[in-house]
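Asker: First the structure, which I've put down as structure tokens, then a few questions once you've had a look.
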Amino acid sequence: MKDGVAMDAALIDGYEVVIGFETHVQLRTRSKIFSRAATAFGAEPNTQACALDVALPGTLPVMNRAAVACAIRFGLAVGARIAPRSVFARKNYFYPDLPKGYQISQYEIPVVQGGEIGFWVETGKGAQARRVWRTVRLVRAHLEEDAGKSLHEDFHGMSGIDLNRAGTPLLEIVTEPDIRSSAEAVAYARELHKLVTWIGICDGNMQEGSFRCDANVSVRKPGQPLGTRREIKNLNSFRFLQQAIDYEVRWQIEQLQDGRAIEQATVLFDPDSGETRPMRSKEDAADYRYFPDPDLPPLVIAPGWVEEERAALPELPRAMAQRFVADYGLPEYDAATLTQSRAMAAYFEEVVRAGAAPKAASNWVMVELARRLNAAEIGIEACPLPPQALAAVIARVADGTISQAAARQVLDALWAEPVAADAAASAVDALIEARGLKQLNDTAALEALVRQVVEANPKNVAEVRAGKDKALNALVGQVMKATQGKANPQQVAELMRRAIGG
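Letter 70 of the sequence shown, counting from 1, is numbered 65 in this note's numbering, and no numbers are missing.
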């Protein structure tokens, strides 16, 4: 198998891949989980760390209600059980960026229990390619505080500690070992990322560390017990996630084929070399010496609070995709693509509300709009083209006023010089008129041009009569050139067939 190509769920050299995930989702709260210090990213080191965050004696943690609300919303979104009573524990380990010497987390009784994430994954290649629905079971999602950050650059050969991140609220989401390939792993991570940003509990910024994945990877012969796992830590890119898993799988299989045992370990992925390397031997729960935190009472969540959060949840992406199929008649693929973000789904629905046919709106949003957004490196939230303007362009294509090619020119002009939503339709018509983009629909004039082209190209005409479509396209192209692209190509093709047939 080549580097960079995602492994399918099929056996690899007779081995089955088994992957479980732990994802740290930074919650969108203004303050930290147990203190009132700010959580904003990018501040000068140690300017957002209060007495509690730096573990000064005599300080006591106080639970952040907003962080709990985020956990409840996530649990509801994945169909999990929200524990009416959960407990915080001290997870003991000693790192320079953990000033207390322990992390406040949840262990025996987490706030979110069970649930599942469903997603589509592409399998196979070429004619064998297909989309398969997969479901990954969740074990738990628990609240905890983040550690600080060790800094190793610009310190004249020394390391420094930044405690701004210490105490930032995290929701750690743990799966069962249900994933069977790097392709499934990436699809799961993308779906989880979409969900937590969709319901508003995380900004999803992977470069800033808001969404960090740990992949527990092992291999085994089919039917055998689970193999020894190695945990790949802190993967903050979907591309690196795939590369790291693919490398780790190959490495483990080669070790076993050479008669070596796999030792449980925590490893890091080096994007420059494309390899994983050991960080430390893997700890188990006993190594952390968990015990209930004596400074925090049990977290009690009343049923009424759960119902408040349920009522505040937006329509979830899977439910919205199903509605797009049922209400708009869209293919499953279109519906899944349009619901990759709430902003894109809302934009599509605005285009339809402005009068565009759903399938046409879907095509233009997924292709032409997406291409321009990618080129500009912006999200649809910053799109300069109002949905009403796109709807007006689609309408002019539908009624034959302009061709698809002319429509793209109109979009380019509107992109460069945005217009207000309430003036979109008139702006589109004015652009079409000013630039002379109206499609030539004069049948008599087109028939005359078609006759000229037919008479001047007897060889192509003979090839058309012999069933060669390329020859017909060549003839149509000549008419389009003569009309400077203003003719309707479908109309020209039909007139050309009639002329040749006659």
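We put the CB at the ideal spot given by N, CA and C, even for glycine.
1. So, helix, strand or coil for Ile227, using DSSP?
2. Just to check my reading of the structure: Phe114 and Ala182 have Cβ atoms closer than 8 Å, yes? What is that Cβ distance to the nearest angstrom?
3. Counting only the same chain and skipping the five closest in sequence on each side, list residues whose C-beta sits under 6 Å from that of Leu294.
4. Tell me, please, whether the region 340 to 352 touches the region 213 to 226 by the rule of three or more beta-carbon pairs shorter than 8 Å.
5. State yes or no: is the C-beta of Gln43 within less than 8 Å of the C-beta of Ala78?
6. So, at 8 Å on beta carbons, what are the nonlocal neighbours of Glu171 in its own chain, with the 5 sequence-adjacent residues on each side left out?
7. Can you tell me whether DSSP reads Lys(-3) as helix, strand or coil?
8. Can you list, in chain order, the residues of its chain with a C-beta nearer than 7 Å to that of Glu363? Leave out the 5 residues immediately preceding and following it.
9. From the DSSP output, in three-state form, read off Glu412 for me.
10. Determine the DSSP secondary structure at Ala46, reduced to helix, strand or coil.
11. Following the continuous beta strand (DSSP E) through Cys65, name the residue where it begins and the one where it ends.
12. Please list the terminal residues of the continuous beta strand (DSSP E) segment that includes Leu166.
13. Between Val191, Ala260 and Ala387, which lies nearest to Val346 when the distance is taken from Cα to Cα?
14. Just list the alpha helix (DSSP H) runs in the region 403 to 469, keeping only unbroken ones of 4 residues or longer that don't cross its boundaries, in chain order.
15. Roughly how many angstroms lie between the CA atoms of Arg272 and Glu243, to the nearest whole one?
16. Look at Ala351 and Ala390 and say whether their C-beta atoms are less than 8 Å apart.
17. May I ask you to report which of helix, strand or coil DSSP gives Ser145?
18. What's the gap between the Cα of Ala136 and the Cα of Ser276?
19. Using a Cβ-Cβ cutoff of less than 6 Å, which residues in the same chain neighbour Gln383 once the five nearest sequence positions on both sides are dropped?
20. Using 8 Å as the threshold, is the C-beta distance between Met475 and Ala482 below it?
21. The alpha helix (DSSP H) with Phe233 in it runs from where to where?
22. With a CB to CB cut of under 8 Å and the five nearest residues on each side skipped, what residues in its chain are close to Ala32?
23. Less than 7 Å between C-beta atoms, sequence neighbours within five positions excluded: which residues of the same chain meet that for Pro379?
24. Flag this pair as touching only if the region 140 to 147 and the region 84 to 103 have three or more C-beta atom pairs under 8 Å; answer yes or no.
25. Within 10 angstroms of the Cβ of Leu55, are there 16 or more other Cβ atoms? Answer buried if so, exposed if not.
26. Helix or strand or just coil, what does DSSP make of Ile77?
27. From Lys189 to Arg85, what distance separates their C-alpha atoms?
28. Closer than 8 Å by C-beta to Leu6: which residues in its own chain qualify, once you throw out the five before and the five after it? Chain order, please.
29. Taking the alpha-carbon positions, what's the Ser232 to Gln202 distance?
30. Please report the straight-line C-alpha distance between Gly110 and Gln247, rounded to a whole angstrom.
31. Is Glu39 near Val214, with beta carbons less than 8 Å apart?
32. Should Leu146 be flagged as near chain D, meaning a C-beta pair shorter than 8 Å?
33. Looking at the structure shown, is Ser213 part of a helix, part of a strand, or coil, going by DSSP?
34. Taking just the CA atoms, how far does Ala180 sit from Arg68?
35. Take Ile112 as the anchor and find which of Gln473, Ile296 and Gly70 has the nearest alpha-carbon.
36. Just to confirm my understanding: we take His19, look at its own chain, exclude 5 residues before and 5 after, and list those with CB closer than 6 Å. What are they?
Answerer: This is what the structure holds:
1. Your numbering for residue 227 matches position 232 in the sequence shown. Ile227 sits in a strand when the DSSP states are folded into three classes.
2. The sequence position of residue 114 within the sequence shown is 119, counting from 1. The sequence position of residue 182 within the sequence shown is 187, counting from 1. Under the criterion of beta carbons closer than 8 Å, Phe114 and Ala182 qualify as touching, at roughly 5 Å.
3. One-based indexing of the sequence shown puts residue 294 at position 299. Only residues of its own chain outside the window of five on either side were considered, and among them Ser81 have a CB closer than 6 Å to the CB of Leu294, listed in chain order.
4. With a cut-off of 8 Å, the region 213 to 226 and the region 340 to 352 do not count as touching, because too few Cβ pairs lie within range.
5. Against the sequence shown, residue 43 aligns to sequence position 48. Against the sequence shown, residue 78 aligns to sequence position 83. Not a contact, by the Cβ cut-off of 8 Å.
6. Here residue 171 refers to the residue found at position 176 of the sequence shown. Once the five neighbours on either side are set aside, the close Cβ partners of Glu171 are Gly15, Val131, Arg132, Leu133 and Val134.
7. By 1-based counting over the sequence shown, the position of residue -3 is 2. The pLDDT assigned to Lys(-3) is 38, lower than 50, so where the model puts this residue is not dependable; a value taken from the coordinates is nonetheless given after this. Coil, per DSSP.
8. For the purposes of this step, residue 363 is taken as residue 368 along the sequence shown, with counting starting at 1. The beta carbon of Glu363 lies closer than 7 Å to those of Arg403 and Leu406 in the same chain, with the five residues before and after it left out.
9. Position 417 of the sequence shown, counted from the start, is the residue given in the question as residue 412. Three-state DSSP puts Glu412 in coil, outside helix and strand.
10. As a working mapping, residue 46 is identified with position 51 in the sequence shown. Under the three-state reduction of DSSP output, Ala46 falls in the coil class, being neither helix nor strand.
11. Within the sequence shown, the letter at position 70 stands for residue 65. It is not in any beta strand (DSSP E) - Cys65 instead sits in the alpha helix (DSSP H) that spans Arg60 to Ala72.
12. Walking along the sequence shown from the start, residue 166 turns up at place 171. For Leu166, the enclosing beta strand (DSSP E) begins and ends at Pro164 to Thr170.
13. Translated into the one-based positions of the sequence shown, residue 346 becomes position 351. The option with the nearest alpha carbon to Val346 is Ala387.
14. If we require 4 residues or more, the alpha helix (DSSP H) runs fully inside the region 403 to 469 come out as 419 to 429, 438 to 451 and 453 to 460.
15. Residue numbering aside, residue 272 sits at position 277 when the sequence shown is read from its first letter. Residue numbering aside, residue 243 sits at position 248 when the sequence shown is read from its first letter. Arg272 and Glu243 have their C-alpha atoms roughly 9 Å apart.
16. Indexing the sequence shown from 1 puts residue 351 at position 356. Indexing the sequence shown from 1 puts residue 390 at position 395. Yes; because the gap between Cβ atoms is below 8 Å, this pair is in contact.
17. For this step, residue 145 is matched to residue 150 along the sequence shown. The three-state secondary structure of Ser145, taken from DSSP, is strand.
18. Position 141 of the sequence shown, counted from the start, is the residue given in the question as residue 136. Position 281 of the sequence shown, counted from the start, is the residue given in the question as residue 276. As the crow flies, the alpha-carbon of Ala136 is around 24 Å from that of Ser276.
19. Within the sequence shown, numbered from 1, the residue matching residue 383 stands at position 388. Contacts found: Ala349, Ala416 and Ala419.
20. Within the sequence shown, numbered from 1, the residue matching residue 475 stands at position 480. Within the sequence shown, numbered from 1, the residue matching residue 482 stands at position 487. A contact, by the Cβ cut-off of 8 Å.
21. Stepping through the sequence shown from its first residue, residue 233 is reached at position 238. Bounds of the alpha helix (DSSP H) holding Phe233 are Phe233 to Gln252.
22. Locating residue 32 in the sequence shown gives position 37, where the first residue counts as 1. If we look at Ala32 and ignore the five residues flanking it on each side, its Cβ neighbours are Ser26, Gln43, Ala44, Cys45, Leu47, Asp48 and Gly162.
23. To locate residue 379, count along the sequence shown from 1; it is residue 384. Correct list, in chain order: Trp410 and Pro413.
24. Touching, yes, given that three or more Cβ pairs across the two stretches are closer than 8 Å.
25. Counted from its first residue, the sequence shown places residue 55 at position 60. When all chains shown are included, Leu55 counts as exposed.
26. For the purposes of this step, residue 77 is identified with residue 82 of the sequence shown, where counting begins at 1. Strand, per DSSP.
27. Position 194 of the sequence shown, counting from 1, holds the residue named residue 189. Position 90 of the sequence shown, counting from 1, holds the residue named residue 85. Taking the CA atoms as reference points, Lys189 sits about 31 Å from Arg85.
28. The count along the sequence shown starts at 1 and reaches residue 6 at position 11. Excluding residues within five positions, the ones whose Cβ falls inside 8 Å are Pro217.
29. Sequence index remark: in the sequence shown, residue 232 carries index 237 (1-based). Sequence index remark: in the sequence shown, residue 202 carries index 207 (1-based). Whole-angstrom Cα-Cα distance: 8 Å.
30. Your numbering for residue 110 matches position 115 in the sequence shown. Your numbering for residue 247 matches position 252 in the sequence shown. Pairing Gly110 with Gln247, the inter-Cα distance amounts to about 30 Å.
31. Taking the sequence shown and counting its residues from 1, the one referred to as residue 39 is at position 44. Taking the sequence shown and counting its residues from 1, the one referred to as residue 214 is at position 219. Contact: no.
32. Given the protein chain composition of this structure (a single chain), no chain D is represented.
33. Position 218 of the sequence shown, counted from the start, is the residue given in the question as residue 213. Strand, per DSSP.
34. Translated into positions along the sequence shown, residue 68 becomes position 73. Translated into positions along the sequence shown, residue 180 becomes position 185. One C-alpha to the other measures close to 23 Å.
35. Indexing the sequence shown from 1 puts residue 112 at position 117. Closest by C-alpha distance to Ile112, out of Gln473, Ile296 and Gly70, is Gly70.
36. Your numbering for residue 19 matches position 24 in the sequence shown. Cβ-Cβ distances below 6 Å link His19 to Leu165, Glu167 and Arg207 in the same chain, with the five nearest sequence neighbours on each side left out; the list follows chain order.
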